[in-house]
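Numbering (our numbering), first residue to last: 2 to 137.
Here the structure comes first, spelled out in structure tokens, and everything after it is commentary.
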């Protein structure tokens, strides 16, 4: 199957280092097609301008299925397996890094994301255009 047509799940977290701030993220998980424009909502209430960081955290892949190799004509497509393809695991088994940091109107993209159309918009929302799941 063409990889560009599969939904690619990602975890993103908003982290705040200020005291007396309330942060709400409506959706714990958001699924989108590869290269689809996405905005991840986040809202905060604070008496100060907080530092906002969005982190990328990959899923852990269930490698037990890798032991069974079927010809492509018999293979089950990932979309037919649902979310069971990915398992929870500790940070050591996942890719975890900062995507973007910002305070007020100052935004800094992490090195890996420079040149991509990624920004913190409104009250902490992560705006992504054409997100790619493959890390370099």
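Virtual Cβ for every residue (Gly too), placed ideally from N, Cα, C.
Model, not experiment: these values are computed from the prediction.
Item: Using the three-state DSSP reduction, which class does residue 47 fall into: helix, strand or coil?; Value: strand
Item: If you pair each beta-carbon of the stretch 41–53 with each one of the stretch 117–126, do three or more pairs fall below 8 Å?; Value: yes
Item: For the pair the stretch 51–58 and the stretch 93–102, tell me if three or more CB-CB distances fall below 8 Å.; Value: yes
Item: Near residue 27, which residues of its chain fall below 6 Å by C-beta distance, leaving aside the five closest residues on each side in sequence?; Value: 42
Item: Going by beta-carbon coordinates alone, are residue 121 and residue 105 separated by less than 7 Å?; Value: no
Item: What is the rounded straight-line gap between the Cα of residue 113 and the Cα of residue 50?; Value: 26 Å
Item: Count the other C-beta atoms from every protein chain shown that fall within 10 angstroms of the C-beta of residue 46, then say buried if there are 16 or more, exposed otherwise.; Value: exposed
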